[in-house]
Amino acid sequence: MKNIWTIASKEIRDGSRNRWVIMVTLIMAGLALILALLGSAPTGTTSINPLAVTVVSLSSLSIFFIPLIALLLSYDSIVGEAERGTLLLLLAYPVSRWQVIVGKFCGHLVLLAFAILIGYGTAGLVISQTGDAYLTSTTLNSFARLLGSSVLLGAIFLALGYLVSASVAERGTAAALAIGVWLLFVLIYDLGMLAVLAADGGQTINEQVLTWILLANPTDAYRMFNLTGDQQTALLSGMAGLSARLQVPEFALSALLIGWVLVPLMAASLVFRRRQL
Amino acid sequence: MTRQPFIKLSGVTKAYGAENAVCGVDLELSHGHCHALVGHNGAGKSTLLKMILGLVSASSGRVQVFGLEPEDRAFVNARRRIGFLPEQVAFQGAMTGLETLKFYARLNGSSGENLDALFELVELGDAAKKRVGTYSKGMRQRLGLAQALIGKPDLLILDEPTSGLDPASRQNVYRIIDTVKANGAAVLISSHALGELDNRVDEVTILDHGRVAASGTIPALRKDAGLASQIRIRANDKQMPRLAKHLAGEFDRSRFLNGTAILDYRENEKMQLLEKLMTLGVTFDNIDITEPSLEDVFAAFTKRGVGP
Chain A
1 MKNIWTIASK EIRDGSRNRW VIMVTLIMAG LALILALLGS APTGTTSINP
51 LAVTVVSLSS LSIFFIPLIA LLLSYDSIVG EAERGTLLLL LAYPVSRWQV
101 IVGKFCGHLV LLAFAILIGY GTAGLVISQT GDAYLTSTTL NSFARLLGSS
151 VLLGAIFLAL GYLVSASVAE RGTAAALAIG VWLLFVLIYD LGMLAVLAAD
201 GGQTINEQVL TWILLANPTD AYRMFNLTGD QQTALLSGMA GLSARLQVPE
251 FALSALLIGW VLVPLMAASL VFRRRQL
Chain B
278 MTRQPFIKLS GVTKAYGAEN AVCGVDLELS HGHCHALVGH NGAGKSTLLK
328 MILGLVSASS GRVQVFGLEP EDRAFVNARR RIGFLPEQVA FQGAMTGLET
378 LKFYARLNGS SGENLDALFE LVELGDAAKK RVGTYSKGMR QRLGLAQALI
428 GKPDLLILDE PTSGLDPASR QNVYRIIDTV KANGAAVLIS SHALGELDNR
478 VDEVTILDHG RVAASGTIPA LRKDAGLASQ IRIRANDKQM PRLAKHLAGE
528 FDRSRFLNGT AILDYRENEK MQLLEKLMTL GVTFDNIDIT EPSLEDVFAA
578 FTKRGVGP
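As you go down the protein sequences, you meet chains A and B in turn. Last residue of the first sequence? That's 277 in the numbering used here, and every number before it is there in order. Last residue of the second sequence? That's 585 in the numbering used here, and every number before it is there in order.
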């Protein structure tokens, strides 16, 4: 435990010292505020809660942005240290390789969580103070779910980043693979799914299969978790139809997201254990 | 009771594909001893050190450090007793020297109390609170050495500890090694400069293409190399023809160069040869004895290839 904390706190210090956290937090807060303020304007005095609109737009932002930041943080963490020569020394100390992975993960997750909570939290706070927003427990709950699941989404891509970083021998390869992972889960997967659905024309892919296909992509699982949980957000995001028919219990979605963190993290530890220095 | 060796390698081999980086190496190192691994770049020194640290697994043979094998769960306890300086030591540039040492002290489970003394020892006292990014190569190397000394290790493994250091700092490294040895620790260092190690290490193992080309004390290696030494004799113009006559008749390995007589001899012939020269009845102006340098000894073993 002590080793994990030592490594995690070093990552946190490195991250805060190179102003990484401040930059990302500011970008997050800036984007979130723009989205929140512009996005909530058209609702005017309708029954739609501006905070609910914010949740919808922020989750779309998160799907693009958070995986990118998480991968940027993690893709270099093993292979970069190996190239710079710091890894050899670190592993000569009485620390296990899985402790290195978990320690880095904890440190990076704290940095990422800080940026998300402060960035998005600021936006939420501003919206709730604009007057139009009436804070119901449902909208607050949606917002809290957004924050929590965004951190989880970050954790997933951190873990995928370590897997990439532990598997390759050069930083350049790791960067290329990380971009590949991002493109696959954020863009290509959904496009591919659309293409398959269009080609199939509803012949073989029924709703059940579609649900499973969606769940196989963590960003889609994240989207479902945030946009189908509450009626208002589901309506706004155009996922009302889906949310009414998809019967994936909330705990199953959470478990799935957590699984998406743990499995790549364990795989990264295993790959790292076999890595020759 | 005989003490268990700190390091015991038996027939250790590491293969990368069809290539053997290290092949059938035996080595033992006990407390209070300093052993040097010498070889060209790519001779297998670093790989061997990594195997001792459990960072690279041996393809065959047995590695034991403090009686533990790298596969053992308890090997982590062996690591706690080892200080290691890698060949190209690198640190996070944004951290200060002191923060760096504190980080490693925590990982090592040591209290980190004597860090100031370590900075003084490696002559970095003024730079402890400066960012490592501002350090010169030599300073980073010295910080690396300080790092290896955290927690008073029983076994110090130094991969090219003097590379990038100026002569004064090199001296200091060997002074530190002597102190560590005197406190009962064992030191294993790798180097490609055999000459630098004279009078500073107890034993040397010369590696060539992953194999042990020779092993022993430096005087023993000098002898085993069987290299010719030279006696250079100068005499005045009157004496020289007499000397030439004697030499031509009685010494088969002699020649003249720029008015100097040169005799090649093997180490075991030295005394006999000198006695004989004294009985010639020739007055010499000067006699120089040139022994092969350690670089020559090293070259002799590595050129010869495998096996002593």
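Think of the CB as a built atom: it goes at the ideal place given N, C-alpha and C, for glycine as much as any other residue. It should be emphasised that the depicted structure is a prediction, and the values quoted were computed from it without experimental measurement.
Quick check: Thr324/B and Lys285/B, are their CB atoms within less than 8 angstroms of each other?
On the second sequence, residue 324/B is found 47 positions in, with the first residue counted as 1. On the second sequence, residue 285/B is found 8 positions in, with the first residue counted as 1. Not a contact, by the Cβ cut-off of 8 angstroms.
With burial defined as no fewer than 16 other Cβ atoms inside 10 Å of the residue's Cβ, what is the status of Gln424/B: buried or exposed?
As a first step, residue 424/B must be located in the second sequence, where it is residue number 147. When all chains shown are included, Gln424/B counts as buried.
How many whole angstroms separate the CB atoms of Ser9/A and Gly107/A, which I take to be in contact at a CB cut-off of 8 angstroms?
In the first sequence, the residue the question calls residue 9/A occupies position 9. In the first sequence, the residue the question calls residue 107/A occupies position 107. Indeed they touch by this definition, with Cβ atoms about 7 angstroms apart.
Quick one: does Ala335/B have its CB under 8 angstroms from some CB of chain A?
Indexing the second sequence from 1 puts residue 335/B at position 58. No, its Cβ sits nowhere closer than 8 angstroms to a Cβ of chain A.
Tyr293/B bridges to which residues according to DSSP?
Taking the second sequence and counting its residues from 1, one reaches residue 293/B at position 16. DSSP output for Tyr293/B lists Glu296/B as bridge partner(s).
Could you check the C-alpha separation between Phe283/B and Ile508/B for me, to the nearest Å?
The residue labelled residue 283/B in the question sits at position 6 within the second sequence. The residue labelled residue 508/B in the question sits at position 231 within the second sequence. Near 43 angstroms, if we compare the C-alpha coordinates of Ile508/B and Phe283/B.
Label Val196/A either buried or exposed according to how many other C-beta atoms from any shown protein chain fall within 10 Å of its C-beta, with 16 as the threshold for buried.
Position 196 of the first sequence, counted from the start, is the residue given in the question as residue 196/A. That one is exposed.
Please name the residue, chosen from Gln129/A, Ser137/A, Leu257/A and Val164/A, that lies closest to Ile156/A on a Cα-to-Cα basis.
Looking up residue 156/A in the first sequence gives position 156. Of the candidates Gln129/A, Ser137/A, Leu257/A and Val164/A, the one whose C-alpha sits nearest the C-alpha of Ile156/A is Leu257/A.
Sorted by chain position, which residues of the same chain lie with C-beta nearer than 6 angstroms to Lys587/B's C-beta, five sequence neighbours on each side aside?
As displayed, chain B neither begins before 278 nor continues past 585, which places residue 587/B out of reach and without an answer.
Let me see if you follow: with CB-CB separation under 8 angstroms, is Pro94/A close to chain B or not?
In the first sequence, counting from the first residue as 1, residue 94/A sits at position 94. So, interface residue.
At 8 angstroms on the CB atoms, spell out the chain B contacts of Thr6/A, in chain order.
Residue numbering aside, residue 6/A sits at position 6 when the first sequence is read from its first letter. Result: Phe380, Arg383 and Leu384.
Using 8 angstroms for Cβ pairs, my map puts Gly428/B next to Asn460/B. What's the rounded Cβ distance?
Here residue 428/B is taken as the residue at index 151 of the second sequence, counted from 1. Here residue 460/B is taken as the residue at index 183 of the second sequence, counted from 1. With a Cβ gap of about 13 angstroms, Gly428/B and Asn460/B do not count as contacting.
Distance cutoff 8 angstroms, beta carbons only. Does Ala371/B sit that close to anything in chain A?
The residue labelled residue 371/B in the question sits at position 94 within the second sequence. By this cut-off, Ala371/B is an interface position.
Ordered along the chain, which non-local residues of its own chain (more than five positions away) have a Cβ less than 6 angstroms from that of Phe561/B?
Within the second sequence, numbered from 1, the residue matching residue 561/B stands at position 284. Closer than 6 angstroms at the Cβ level, and outside the excluded window around Phe561/B, lie Ile510 and Ala512.
Output needed for Val110/A: all residues of its chain with C-beta closer than 6 angstroms, excluding positions within five of it in sequence on either side, in chain order.
Taking the first residue of the first sequence as 1, we reach residue 110/A at position 110. Result list for Val110/A: Ile12, in chain order.
Looking at the strands, I want to know which residues DSSP matches up with Asn391/B.
Along the second sequence, one-based indexing puts residue 391/B at 114. DSSP output for Asn391/B lists no bridge partner at all.
For the stretch 507-581 of chain B, list the alpha helix (DSSP H) runs that are entirely contained and at least 4 residues long, ordered along the chain.
Counting only runs of 4 or more, we get 516-527, 547-555 and 571-581.
Just checking, does the stretch 478-495 of chain B make contact with the stretch 560-579 of chain B on the three C-beta pairs under 8 angstroms criterion?
Output reads yes: the stretch 560-579 of chain B touches the stretch 478-495 of chain B.
Would a C-beta distance cut-off of 8 angstroms place Ala462/B and Asp431/B closer than the cut-off?
As a working note, residue 462/B is residue 185 in the second sequence. As a working note, residue 431/B is residue 154 in the second sequence. Yes, the Cβ-Cβ distance between Ala462/B and Asp431/B is below 8 angstroms.
If you scan the stretch 17-88 of chain A from start to end, which runs of the alpha helix (DSSP H) of 4 or more residues do you find wholly inside it?
Segments of the alpha helix (DSSP H) lying fully in the stretch 17-88 of chain A: 20-40, 50-74 and 79-84.
Thinking C-beta only, is Leu277/A closer than 8 angstroms to Leu38/A?
Within the first sequence, the letter at position 38 stands for residue 38/A. Within the first sequence, the letter at position 277 stands for residue 277/A. Their beta carbons are not under 8 angstroms apart, which means Leu38/A does not touch Leu277/A by this criterion.
Can you give me the start and stop residues for the alpha helix (DSSP H) that Leu227/A sits inside?
One-based indexing of the first sequence puts residue 227/A at position 227. Pro218 to Leu227 is the span of the alpha helix (DSSP H), which, as asked, contains Leu227/A.
Tell whether a beta-carbon distance below 8 angstroms holds between Val126/A and Ala36/A.
Sequence index remark: in the first sequence, residue 126/A carries index 126 (1-based). Sequence index remark: in the first sequence, residue 36/A carries index 36 (1-based). Yes, these two residues count as a Cβ contact at 8 angstroms.
Output the distance between the C-alpha atoms of Val583/B and Ala313/B, rounded to the nearest integer angstrom.
Start at 1 with the first residue of the second sequence, and residue 583/B comes out as number 306. Start at 1 with the first residue of the second sequence, and residue 313/B comes out as number 36. Residue placement at Val583/B is flagged as unreliable, the pLDDT there being 41, under the threshold of 50; a coordinate-derived value is accordingly withheld.
Nearest by alpha-carbon distance to Cys311/B: which of Gln516/B, Gly402/B and Tyr451/B is it?
In the second sequence, the residue the question calls residue 311/B occupies position 34. Ranking Gln516/B, Gly402/B and Tyr451/B by Cα distance to Cys311/B puts Tyr451/B first.
Out of curiosity, what's the CA-to-CA distance linking Gly441/B and Ala113/A?
One-based indexing of the second sequence puts residue 441/B at position 164. One-based indexing of the first sequence puts residue 113/A at position 113. Whole-angstrom Cα-Cα distance: 42 angstroms.
Since Arg84/A meets chain B, which of its residues come closer than 7 angstroms, beta carbon to beta carbon?
As a working note, residue 84/A is residue 84 in the first sequence. Neighbours of Arg84/A on chain B, chain order: Ala367.
What are the start and end residues of each continuous alpha helix (DSSP H) run of 4 or more residues lying completely inside the stretch 159-199 of chain A, in chain order?
Runs of the alpha helix (DSSP H) inside the stretch 159-199 of chain A: 171-182.
In chain B, which residues lie with their C-beta within 7 angstroms of the C-beta of Gln276/A?
Position 276 of the first sequence, counting from 1, holds the residue named residue 276/A. Ordered by position in chain B, the residues that pass the 7 angstroms Cβ test against Gln276/A are Val333.
Can you find a CB in chain B that lies within less than 8 angstroms of the CB of Leu89/A?
Against the first sequence, residue 89/A aligns to sequence position 89. It does; some Cβ of chain B falls within 8 angstroms.
Please report whether the beta-carbon of Val353/B lies at a distance below 8 angstroms from any beta-carbon of chain A.
Walking along the second sequence from the start, residue 353/B turns up at place 76. Answer yes: the Cβ-Cβ gap between Val353/B and chain A drops below 8 angstroms somewhere.
Please return the same chain residues whose Cβ sits closer than 7 angstroms to the Cβ of Tyr412/B, not counting the five positions on each side in sequence.
One-based indexing of the second sequence puts residue 412/B at position 135. Ala404 and Leu420.
Using beta-carbon positions only, say whether Arg339/B and Ser307/B come within less than 8 angstroms of one another.
Against the second sequence, residue 339/B aligns to sequence position 62. Against the second sequence, residue 307/B aligns to sequence position 30. Not closer than 8 angstroms, so no.
Which chain A residues sit within Cβ distance under 8 angstroms of Lys406/B?
On the second sequence, residue 406/B is found 129 positions in, with the first residue counted as 1. Going along chain A, no residue has its Cβ under 8 angstroms from Lys406/B, so there is no contact; the nearest lies around 15 angstroms.
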